[in-house]
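Worksheet: one structure, shown below.
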Amino acid sequence: MFVPEAGTCVPWDIKKKEFGTIAGNEELVKKEWTGLDALAYAFIWFWVQR
Amino acid sequence: MSDKEKLYQERFARYTTALDCGKPDKVPVVFPIGEWFVKYTDTNMQEIYYDVDKSTAIISDLIKDLDFDTMFGSPNLWWPPMFDAIGCKLYKFPGIYFEENSGFQYIEEEYMKAEDYDEFIANPTYWLATKYLPRICGEFSEPGSYRASVALVKGAAAFAMHNDKMARASEKWAKEYAVVPATSGMTKAPFDTLGDALRGTKGILVDLRRRPDKVVAACEAIVPHNIAYAMITAAGDTTFPCFAPLHKGAYPFLSPAFWEKYYWPTWKAVIEGLWSMRKRTFFFAEGDWTPYLEKIAELPDKSIVFCIDLTDAKKAKAVLGGRFCLYGGVPTTLLTYGTPQEVKDCVKKAIDELAGDGGFILAAGGVVMSDAKRENIMAMLEAAREYGVY
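Chains Y and C, in that order, are what the protein sequence lines are.
So the first sequence is numbered by the UniProt record's numbering: it starts at 1 and just counts up by one.
So the second sequence is numbered by the UniProt record's numbering: it starts at 1 and just counts up by one.
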């Protein structure tokens, strides 16, 4: 099991390996993945930041 | 530029100048929201908590003719439908468990057990997602089930919906009423993250005697997360300070020796980590923090806004003044139990003692709750404008 660094749930580096070669614009995919991953991270941590 | 835009810029300059310890044209004044206004309207607590649109409309009507610079707080700290969606055990809200004009209640338990420390420390986010959420959310009790899957979808959707509604409300108040937001983002002291929602008050106090090394290690593991959480919830903004409600650090919850050993090092690390990104922390020191002022003064200049509730104001000015913006000056208890004249006298005293060379924002020192009196809030605003001219 990997240990996601703070601010991430499933880091881009791990997801990128699962995607394999990205034929189009990798930065676009990365940007949106990272943004949604951060939202998920905030949702998980919300419950202990009361 | 419209008159509203000009007024916004004027208030923005006043507030941010004070945040940087400068001397603006007037002492910036904060309007406290909280839940106090409910009893002066035809609504009730359940409606304010559940119906965000109605709550926003009431506040809009309330603030339209008032003269203040920034607004602080929220009538509905929590949006109950999000908690209902996942069967969250952390809170009970009016309308289901209590009559509709009650406040919410936090149900404190040891949701993280003593034997969970090592797993949490090793991988905090993983532990929260796989162990903590199923424990606090009845709908997640069978992970992967139909009920759990649907609840997760609804909970995450509610989280995004509520954040969006609050962001839109803030935009509306800025555009239509020239109200400057007081903060962006949220964080906490690691000891509070651990002691409030994970181990609970009883749990962490026992841990300080039986497993102090675990407390230290857990707090250290939380530090990078509380920095990341602040920046994510602020959407990267560094203009406004990050709100940080502080609970178990107020004197005398911990002895000074325990405070220095268990509370302060990791809280300091969060503040310094944020300041390395130029993100200032809104050090929301409810209660009395007088014994800790010298330690707080170790922080980098301007890295916090220090909120004075019951802390000795003169000592705070002497120890922190000039290097950190000071905020508050009006105890929340006075807004509940005082008279308008006592509030006015308090405002004058606070401005006389704290505002002299800038770097001061006039406000209630803590969260203004439902028992505050309307006439005292208005007296605070009026007196702030009367006395708060440089």
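Note that the Cβ used here is the ideal one computed from N, Cα and C, for glycine as well.
Going by Cα to Cα distance, which pick from C:Phe-282, C:Lys-349 and C:Gly-144 is closest to Asp-20 (chain C)?
Numbered from 1 along the second sequence, position 20 holds the residue referred to as residue 20 (chain C). The shortest C-alpha separation from Asp-20 (chain C) is found at C:Phe-282.
Can you give me, in chain order, the residues of the segment 131-145 of chain C that have a beta carbon less than 9 Å from any beta carbon in chain Y?
Of all residues in the segment 131-145 of chain C, only Tyr-132, Leu-133, Ile-136 and Cys-137 place a beta-carbon less than 9 Å from a beta-carbon of chain Y.
Return the residue from the list C:Ile-351, C:Leu-320, C:Glu-353 and C:Leu-7 that minimises the CA-CA distance to Trp-173 (chain C).
As a first step, residue 173 (chain C) must be located in the second sequence, where it is residue number 173. Looking at the Cα atoms, C:Leu-7 is the closest of the given residues.
With a CB to CB cut of under 6 Å and the five nearest residues on each side skipped, what residues in its chain are close to Phe-31 (chain C)?
As a working note, residue 31 (chain C) is residue 31 in the second sequence. Closer than 6 Å at the Cβ level, and outside the excluded window around Phe-31 (chain C), lie Phe-68 and Met-71.
Run through DSSP, which three-state label would Lys-279 (chain C) get?
For the purposes of this step, residue 279 (chain C) is identified with residue 279 of the second sequence, where counting begins at 1. Looking at Lys-279 (chain C) - three-state DSSP - the assignment turns out to be coil, as it is neither helix nor strand.
Can you pull the chain C neighbours of Ile-14 (chain Y), defined as C-beta to C-beta under 7 Å?
Position 14 of the first sequence, counted from the first residue, corresponds to residue 14 (chain Y). In chain order: nothing, as chain C lies at least about 13 Å away.
Output the distance between the C-alpha atoms of Ala-221 (chain C) and Arg-209 (chain C), rounded to the nearest integer angstrom.
Counted from its first residue, the second sequence places residue 221 (chain C) at position 221. Counted from its first residue, the second sequence places residue 209 (chain C) at position 209. Whole-angstrom Cα-Cα distance: 20 Å.
Which one or two residues does DSSP pair with Val-27 (chain C) in a beta bridge?
Within the second sequence, the letter at position 27 stands for residue 27 (chain C). None; Val-27 (chain C) has no bridge partner.
The segment 284-297 of chain C / the segment 239-249 of chain C touching (three or more Cβ pairs under 8 Å):
yes
Counting pairs of beta carbons, one from the segment 1-14 of chain Y and one from the segment 151-160 of chain C, are three or more of them closer than 8 Å?
No, the segment 1-14 of chain Y does not touch the segment 151-160 of chain C.
Would you report the Cα separation of Glu-142 (chain C) and Pro-181 (chain C), rounded to the nearest angstrom?
Stepping through the second sequence from its first residue, residue 142 (chain C) is reached at position 142. Stepping through the second sequence from its first residue, residue 181 (chain C) is reached at position 181. Straight-line Cα distance between these residues: approximately 41 Å.
Distance CB(His-225 (chain C))-CB(Trp-45 (chain Y)) smaller than 8 Å
Numbered from its first residue, the second sequence carries residue 225 (chain C) at position 225. Numbered from its first residue, the first sequence carries residue 45 (chain Y) at position 45. Result yes, Cβ atoms of His-225 (chain C) and Trp-45 (chain Y) sit closer than 8 Å.
Helix, strand or coil at Phe-306 (chain C) [DSSP, three-state]
The sequence position of residue 306 (chain C) within the second sequence is 306, counting from 1. Note: Phe-306 (chain C) maps to strand in three-state DSSP.
How would you write the range of the beta strand (DSSP E) that Ile-361 (chain C) sits in, first residue to last?
As a first step, residue 361 (chain C) must be located in the second sequence, where it is residue number 361. Unbroken beta strand (DSSP E) run through Ile-361 (chain C): 360-364.
Interface flag, Thr-43 (chain C) vs chain Y, CB-CB below 8 Å:
Start at 1 with the first residue of the second sequence, and residue 43 (chain C) comes out as number 43. Not one chain Y Cβ lies under 8 Å of Thr-43 (chain C).
Going along chain Y in order, which residues have a C-beta closer than 9 Å to the C-beta of Asn-123 (chain C)?
Taking the second sequence and counting its residues from 1, the one referred to as residue 123 (chain C) is at position 123. By Cβ distance, chain Y contributes Met-1, Phe-2, Val-3 and Pro-4.
Residues in the segment 172-205 of chain C having any Cβ partner in chain Y nearer than 8 Å
Met-186, Thr-187, Lys-188, Thr-193, Asp-196, Ala-197 and Leu-198
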